[in-house]
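Okay, structure first, notes after.
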Amino acid sequence: MSDAFDLVDLVSIRELTENKLFSLLEHFQSPDAIKRAPIASLSTIVGNDLARAIKETKAPSVRTAQYELLDKLAIQVVPYYSESYPQWLKMIDHFPPVLFIRGNIKPED
């Protein structure tokens, strides 16, 4: 679930658009690698201000509350590279890099 928590942290950054998140994920290959990357490496993709925002962490109590809410509401965090991500959704232009799903997605959906 750490991957999911790292994604929650990243999508919580207001300035981090879906396109920029997708670019980061394509370059670094995982949310954890994005969070561990040096500011200089992040800056080449998203600029200095956003790189600094990524490196700043929220207070542990805020993060824990978000994670507990995900668990309580049984919300799945599904990145585009997951086998659980609907393949048909990838066929559209600018598909979301991460989905927050409550319930199940059936093949016929």
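Residues are numbered in our numbering as their position in the sequence shown, beginning at 1, plus a constant of 47.
We treat Cβ as the ideally placed atom computed from N, Cα and C, and that holds for glycine.
- Burial check for V124: the Cβ neighbour count within 10 Å reaches 16 or more, so the residue is buried.
- Ranked by Cα distance from I101, the options A112, L120, P78 are led by P78.
- Note on Y132: 16 or more other CB atoms within 10 angstroms of its CB, so buried under the neighbour-count rule.
- Boundaries for R149: no alpha helix (DSSP H) harbours it, while the beta strand (DSSP E) harbouring it runs 145 to 149, taken from the DSSP string.
- Going by C-alpha positions, A112 is about 29 Å away from G94.
- The alpha-carbon separation between F142 and R149 amounts to approximately 18 Å.
- The alpha-carbon separation between F147 and Q134 amounts to approximately 16 Å.
- In this structure, the straight-line span from the alpha carbon of F69 to that of P144 is close to 6 Å.
- In the structure shown, P78 falls within a helical segment according to DSSP collapsed to helix, strand and coil.
- Between I92 and L71 a beta carbon distance of about 6 Å is seen, short of the 8 Å cut, so the two are scored as contacting.
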